[in-house]
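Peer 1: Let me give you the structure first, and then I'll get to my questions.
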Amino acid sequence: MRKKVTNNDTPVFDYNSLLVETVDEISRRQGFESDSLADCTPMSTGLLMLDLLYGGGIRPAWYTHFGPEQSAKTTGALSIIGAAITKKIPLIALIDFEGSSGNSKPYIGNILRTMGCTTSINEAFGQRDEETGKWITPPVVRYRAETRGEAFFDWLSEIERQLPDKKKIGNQWWLRFEKTKVNQAKVGEYADPSMAKKYGDGIWVKAQDGNLQALVVVDSYPAMNPTSADNEDGDNSIALQARMFSKHLPRVKGRLADKMIAVIGINQLRMAPMVRFGNPEVEPGGTALRFNSDTRTQFRPRVTGMPGWAKFDTETKNELEPSVEVKGAQDQYRYIEITTKKNKLWTPNRKGWLRIWVQDGKGDARGFDPFFDTVCYLIYTGQLTGRGRKSMYIKIDKYIPEPTPIKWDQIKRWVLGTKEEMKEVCDQLKLPKPFSIRKLCFMQIQKGIGEKLYVDFKSAGTSSENEEEE
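According to our numbering, the residues represented by the sequence shown are 47 to 516, in order.
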């Protein structure tokens, strides 16, 4: 509390030290210690463009994906679930208020496969014995078809109370459990007693990593019925659903960061009736839902403006391309523009593109196309340039140091082809050693290289839309 002046050794009262000691003592006594702003490692969404828009991936926060009909909002959420499975996030949950996912197992399985997830659909969602009802294969993703909105908030609130806090101190991540007899019996033998004395009461156990503890997907907000509206009589009060969100979001929102939980909710974009001036589009759920969302990303189907010189078939209205996987067959695609309308976790108002794989060479719907995702990322980071699909140049520092001619179908085989085809493309480009272009792009994102390249590309004033092909 005191410090000495060097000229005469007279003690001088140090009020700042007294204040720090006093506040720390009160905070420890009340269990209200200050936390550092240690940034967690974001979980990749499994999509390069979405990672680029989110500053590396998903953090513990509340995300909202919204858009009109057929804008791939659910596909985006299911793709992120595939990434969470690969990352081995301990708790992954899909709360299906629309009730549609239970009848679309083949499509969900195709999405997981396209995302590079080796877990089968039965392994992901589990299998029960038809007679006993017990799990034969325990689920990796917990699926629940629900109608009552309060049931979800009650469940999430209880999950937050039971899960430990996850904190980074120095270079080590810790789990801090509430000091109860139950927790002491479960994890007491793994605890470090010295941590409670230094950093506050609780049972402190070293965490294996800094990953999320849980990823929860809610599909969708408009289908979340307030309990009073779900009763037999039904409450038809105005703004009943908005009041539900306003009441229950504060219960769960504030704990997401401490518990390292990410929630991805899906909302619609509807046309408000009788609107004569301004934007007639409206998001259901009320203003509290919008304000409590840390990130709001708009998904919108588009047929113009995308990079990559797309040309659409006049009959199907989709883009057709030769398939890499099935010789002589064609793939069909359509495009989705994504925009971060709000982002409290990174730079807002970023735009990018995804391509829906409407149908592959076998006739299956596959979710988002990894090939175009890679091409779009390379264009938006300035590593792929050109005047058309027949005249492109790729340049990747250290790997391809000089601009090298490359064709559209070469990149497609490099991303979607077999190991032999990938090696063949690398040989055609005269690379000293074959490598996966998509894995390299994800590595750039992880190391922050992709973010720097994207910012430099945008700062240079380069248009994201390349010149039209001749």
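Where is the CB? At the ideal position from N, CA and C, for every residue including glycine.
Quick check: the Cα distance between E470 and Y267, rounded to an integer number of angstroms?
Peer 2: By 1-based counting over the sequence shown, the position of residue 470 is 424. By 1-based counting over the sequence shown, the position of residue 267 is 221. Cα-Cα distance, rounded: 47 Å.
Peer 1: Within its chain, find whatever has a CB closer than 8 Å to the CB of G179; leave out the 5 residues flanking it on each side and keep chain order.
Peer 2: Indexing the sequence shown from 1 puts residue 179 at position 133. The answer is none, since no qualifying residue turns up.
Peer 1: Quick one: residues in its chain with C-beta nearer than 6 Å to the C-beta of Q490, no 5 flanking neighbours on either side, listed in chain order?
Peer 2: Walking along the sequence shown from the start, residue 490 turns up at place 444. Correct list, in chain order: G496.
Peer 1: Measuring alpha carbon to alpha carbon, tell me which residue in P449, I384, W219, Q208 is nearest K225.
Peer 2: Taking the first residue of the sequence shown as position 1, residue 225 is located at position 179. Of the candidates P449, I384, W219, Q208, the one whose C-alpha sits nearest the C-alpha of K225 is Q208.
Peer 1: Could you compute how far the alpha carbon of E10 sits from the alpha carbon of C86?
Peer 2: No answer is possible for residue 10: the residues shown for the chain start at 47 and end at 516.
Peer 1: Give the secondary structure of S505 by DSSP, where H, G and I count as helix, E and B as strand, and everything else as coil.
Peer 2: Counting from 1 along the sequence shown, the entry for residue 505 is found at position 459. Looking at S505 - three-state DSSP - the assignment turns out to be helix.
Peer 1: Please name the residue in Q116, I312, D247, V233 whose C-alpha comes closest to that of D265.
Peer 2: For the purposes of this step, residue 265 is taken as the residue at position 219 of the sequence shown. Considering only alpha carbons, the answer is I312.
Peer 1: For the ligand ADP, is there any heavy atom lying closer than 8 Å to the beta carbon of L124?
Peer 2: Among the ligands in the structure shown, none appear at all, so the ligand ADP cannot be discussed.
Peer 1: Tell me the residue span of the beta strand (DSSP E) that contains F59.
Peer 2: In the sequence shown, counting from the first residue as 1, residue 59 sits at position 13. Per DSSP, F59 belongs to the beta strand (DSSP E) from 57 to 59.
Peer 1: Helix, strand or coil for D443 per DSSP?
Peer 2: On the sequence shown, position 397 is the one that residue 443 refers to. In the structure shown, D443 sits in coil (DSSP, three-state: anything other than H, G, I, E or B).
Peer 1: Confirm, please, whether the CB-CB distance from Q405 to R396 is below 9 Å.
Peer 2: Stepping through the sequence shown from its first residue, residue 396 is reached at position 350. Stepping through the sequence shown from its first residue, residue 405 is reached at position 359. Taking 9 Å as the Cβ cut-off, R396 and Q405 do not qualify as a contacting pair.
Peer 1: Do you know whose CA, among W403, D238, G428, lies nearest T160's CA?
Peer 2: Walking along the sequence shown from the start, residue 160 turns up at place 114. Nearest option by C-alpha distance: W403.
Peer 1: Figure out for me which residue from Q254, R194, M306, W399 has the closest Cα to the Cα of F143.
Peer 2: The sequence position of residue 143 within the sequence shown is 97, counting from 1. Looking at the Cα atoms, R194 is the closest of the given residues.
Peer 1: Just list the residues that DSSP pairs H111 with in beta bridges.
Peer 2: Along the sequence shown, read from residue 1 onward, the residue named residue 111 stands at position 65. Bridge partners of H111 according to DSSP: I312, T343.
Peer 1: Using DSSP's beta-bridge definition, name the partner residues of S437.
Peer 2: In the sequence shown, counting from the first residue as 1, residue 437 sits at position 391. According to DSSP, which records beta bridges pairwise, S437 is partnered with G434.
Peer 1: Let me check understanding here. Comparing Cα to Cα, which of T343, S274, K243 lies closest to M95?
Peer 2: Along the sequence shown, read from residue 1 onward, the residue named residue 95 stands at position 49. When only C-alpha atoms are compared, the closest one is T343.
Peer 1: Taking the alpha-carbon positions, what's the F503 to Y426 distance?
Peer 2: Along the sequence shown, one-based indexing puts residue 503 at 457. Along the sequence shown, one-based indexing puts residue 426 at 380. Computed Cα separation, rounded: 7 Å.
Peer 1: Inspect the beta-carbon positions of G407 and E371 and report whether they are closer than 9 Å.
Peer 2: For the purposes of this step, residue 407 is identified with residue 361 of the sequence shown, where counting begins at 1. For the purposes of this step, residue 371 is identified with residue 325 of the sequence shown, where counting begins at 1. Closer than 9 Å, so yes.
Peer 1: Under the three-state reduction of DSSP, which class applies to W355: helix, strand or coil?
Peer 2: Looking up residue 355 in the sequence shown gives position 309. Residue state for W355 is assigned as coil, using DSSP reduced to three classes.
Peer 1: Going by Cα to Cα distance, which pick from G128, T68, G354 is closest to W399?
Peer 2: The residue given as residue 399 occupies position 353 in the sequence shown. For the residues G128, T68, G354, the minimum Cα distance to W399 belongs to G354.
Peer 1: For the beta strand (DSSP E) containing E517, name the first residue and the last one.
Peer 2: In the structure as shown, the chain starts at 47 and stops at 516, and residue 517 therefore has no counterpart that could be examined.
Peer 1: Please tell me whether I127 and L158 are closer than 9 Å, where the distance is taken between their beta carbons.
Peer 2: Working through the sequence shown from its first residue, we reach residue 127 at position 81. Working through the sequence shown from its first residue, we reach residue 158 at position 112. Yes. Within cutoff.
Peer 1: Report the rounded CA-to-CA distance for M438 versus C472, giving the unit in angstroms.
Peer 2: In the sequence shown, residue 438 corresponds to position 392, counting from 1. In the sequence shown, residue 472 corresponds to position 426, counting from 1. Cα to Cα, the separation comes out at about 16 Å.
Peer 1: Compute the distance between the beta-carbons of A375 and E365, then report whether it is under 9 Å.
Peer 2: For the purposes of this step, residue 375 is taken as the residue at position 329 of the sequence shown. For the purposes of this step, residue 365 is taken as the residue at position 319 of the sequence shown. Between A375 and E365, the CB-CB gap reaches or exceeds 9 Å.
Peer 1: N217 by DSSP, collapsed to three states: which one?
Peer 2: Against the sequence shown, residue 217 aligns to sequence position 171. It is coil, neither helix nor strand.
Peer 1: With 16 as the cutoff for other CB atoms within 10 Å, does G102 come out buried or exposed?
Peer 2: In the sequence shown, counting from the first residue as 1, residue 102 sits at position 56. That one is buried.
Peer 1: Within a Cβ cutoff of 6 Å, which residues of the same chain sit near M241, ignoring the five residues on either side of it in sequence?
Peer 2: For the purposes of this step, residue 241 is taken as the residue at position 195 of the sequence shown. The answer, listed in chain order, is W250.
Peer 1: Closest to I138 by CA distance: which of G145, Y61, Q259, V233 is it?
Peer 2: Mapped onto the sequence shown, residue 138 falls at position 92. Residue Q259 is the option with its Cα nearest to I138.
Peer 1: In angstroms with no decimal places, state the Cα-to-Cα distance between P210 and Y245.
Peer 2: Position 164 of the sequence shown holds residue 210. Position 199 of the sequence shown holds residue 245. So the two alpha carbons sit approximately 15 Å from each other.
Peer 1: Are the beta-carbon atoms of T110 and I382 separated by less than 9 Å?
Peer 2: One-based indexing of the sequence shown puts residue 110 at position 64. One-based indexing of the sequence shown puts residue 382 at position 336. Against a cut-off of 9 Å, the Cβ pair of I382 and T110 comes out as no contact.
Peer 1: Buried or exposed: which applies to P88, given that a residue is buried once 16 or more other Cβ atoms fall within 10 Å of its Cβ?
Peer 2: The count along the sequence shown starts at 1 and reaches residue 88 at position 42. With a 10 Å radius around the Cβ and a threshold of 16 neighbouring Cβ atoms, P88 comes out buried.
Peer 1: Is there contact between the stretch 321 to 328 and the stretch 343 to 352, where contact requires at least three CB pairs shorter than 8 Å?
Peer 2: In the pairwise beta carbon analysis, the stretch 321 to 328 is classified as not touching the stretch 343 to 352: fewer than three pairs are separated by under 8 Å.
Peer 1: Which word fits V228, buried or exposed, when buried means at least 16 other C-beta atoms lie within 10 angstroms of its C-beta?
Peer 2: Within the sequence shown, numbered from 1, the residue matching residue 228 stands at position 182. Exposed: under 16 other Cβ atoms inside 10 Å.
Peer 1: Note down, one range per segment and in chain order, each beta strand (DSSP E) of at least 3 residues found wholly within the stretch 228 to 309.
Peer 2: 249 to 252, 260 to 265
Peer 1: Assuming E383 is part of the beta strand (DSSP E), what are its boundary residues?
Peer 2: By 1-based counting over the sequence shown, the position of residue 383 is 337. From DSSP, the beta strand (DSSP E) with E383 extends over 376 to 389.
Peer 1: Which residues in the same chain have their Cβ closer than 7 Å to the Cβ of H294, if we skip the five residues on either side of it in sequence?
Peer 2: Counting from one through the sequence shown, the residue named residue 294 turns up at place 248. E196, F199.
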